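Quick note on numbering: the sequence shown equals residues -22 to -1, 1 to 208 in mature numbering (1 follows the signal peptide of the UniProt record, and there is no 0).
First comes the structure, then the notes that go with it.
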Amino acid sequence: MPIRLAASTLLLLALATAPVQAAERLISVTGRGEVTAPPDMAVIRLGVVEEAATAQAAMQAANDAAAAVLARLRARGIAQRDMQTSELRLAPVRASGPQDEGRRITGFTASNAVTVRLRDLAALGGALDAVVGEGANRLDGLRFTVADPAPLMEEARRAAVADAMARAETLAAAAGVTLGPVRSIAERGGGAPRPMMREAARSGGGVPVAPGEIEITVEVAMEVAIGAAE
């Protein structure tokens, strides 16, 4: 028993006198990488809205008009995989007037919307003209993007890391210290292609459009160890 007590006492004394390891000194920075490129694909959301006395008639009219629009798009070389129905709606039309009169249903409206990916931007203006001529009377949005953003994302990541390292080097030099190894690095949001304005416009005939450029942005957070003072 005395031997065990003495050993325990020595261990406690050793722990009590051991130096406390100082927390590692770090420089924390963020980096941002931006890459721009011309788009190679347009995404359009368009459709038809029809009104009729009955719900069935309104829906049938909308379906027929949407089928004609899709057929025209296929005739212009757009693949079936690049067309997707994105909305179907049916709603009553109520009379306007006094409160009691306003509750009376006078007909129905039906809408059918489709999202289309157009991979030939030169044909965009002509395609819009064609679908409007075929009965499309609703355009909910048009955006430009790239079919494969992965290479641009990689380039933006490299630029973000380089920017973070440059910031860390600037801070270290200003503080009169050197940099050690990178301790952590994490990507923070960003990445989705965003449109940018550009003067050039092209339409290929029909509705004039200006694709501009798209921008991909990546941000990283980095922690770098601080080395010895210079």
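Ideal placement from N, C-alpha and C gives every residue a C-beta, glycine not left out.
If you're wondering where the values come from, they're calculated on a predicted model, not measured in any experiment.
query: Cα separation between L96 and A146?; result: 43 Å
query: Taking the straight line between their C-alpha atoms, what separation do you get for L(-18) and G167?; result: Reliability fails at L(-18), whose pLDDT of 45 lies under 50, so the model's placement of it is uncertain and the value that follows must be treated cautiously. For L(-18) and G167, the distance between alpha carbons rounds to 57 Å.
query: Within this structure, are the beta carbons of V196 and G11 separated by less than 7 Å?; result: yes
query: Excluding sequence positions up to five away, which residues of its chain have a Cβ less than 8 Å from the Cβ of residue 210?; result: In the structure displayed, the chain extends from -22 to 208; residue 210 sits before or after that span and is not available.
query: Please state the DSSP three-state secondary structure of E177.; result: Model confidence at E177 stands at a pLDDT of 42, short of 50, so the residue's coordinates are unreliable; what they give is reported in the following sentence. E177 falls in the coil class under three-state DSSP.
query: So, with DSSP's three-state summary, where would you put T63?; result: strand
query: Going by CA-CA distance only, name the one from A20, A150 and G111 that's closest to G119.; result: A20
query: Could you pull the start and end residues of the beta strand (DSSP E) that L106 belongs to?; result: Where L106 is concerned, there is no enclosing beta strand (DSSP E), although the alpha helix (DSSP H) it sits in stretches over L102 to G111.
query: Would you tell me roughly how many angstroms separate the C-alpha atoms of residue 209 and T156, rounded to the nearest one?; result: Within the shown structure, residues of the chain are numbered from -22 to 208, placing residue 209 beyond reach of any answer.
query: What did DSSP end up calling A(-9) once you bin it into helix, strand or coil?; result: Any reading at A(-9) needs caution, since the residue's pLDDT is 45, under 50, leaving its predicted position unreliable; the model's value is listed next. In the structure shown, A(-9) sits in a helix (DSSP, three-state: H, G or I).
query: Do the CB positions of E201 and S6 come within less than 7 Å of each other?; result: yes
query: Give the single residue among G9, V26, T14 and P17 whose Cα lies nearest to the Cα of A114.; result: V26
query: With respect to the alpha helix (DSSP H) encompassing E12, which residues constitute its N-terminal and C-terminal limits?; result: First-last for E12: L4 to A15, but that is the beta strand (DSSP E), not the alpha helix (DSSP H).
query: What is the DSSP secondary structure of T148, counted as helix, strand or coil?; result: helix
query: What is the DSSP secondary structure of V124, reduced to helix, strand or coil?; result: coil
query: Pop quiz: V92 and M61 are said to be a contact at Cβ under 8 Å. What is the actual Cβ separation, rounded to whole angstroms?; result: 6 Å
query: Rank A164, M131 and L66 by C-alpha distance to the C-alpha of G9 and give the top, closest one.; result: A164
query: Could you tell me which uninterrupted beta strand (DSSP E) segments, each at least 3 residues in length, are contained entirely in the segment 22 to 96, listed from first to last along the chain?; result: 61 to 72 and 83 to 96
query: Should A128 be labelled buried (16 or more other beta-carbon atoms within 10 Å of its own) or exposed?; result: exposed
query: Just to confirm, is the Cβ distance from D42 to V124 under 7 Å?; result: no
query: Can you say whether I194 is buried or exposed, counting buried as having 16 or more other CB atoms within 10 angstroms of its CB?; result: buried
query: Using a 10 Å radius around the Cβ and a threshold of 16 neighbouring Cβ atoms, would you call R116 buried or exposed?; result: exposed
query: In chain order, what residues of the same chain lie with their CB nearer than 7 Å to the CB of T32, ignoring the 5 residues before and after it?; result: F86
query: Alpha carbon to alpha carbon, what distance is there between G190 and Q34?; result: 43 Å
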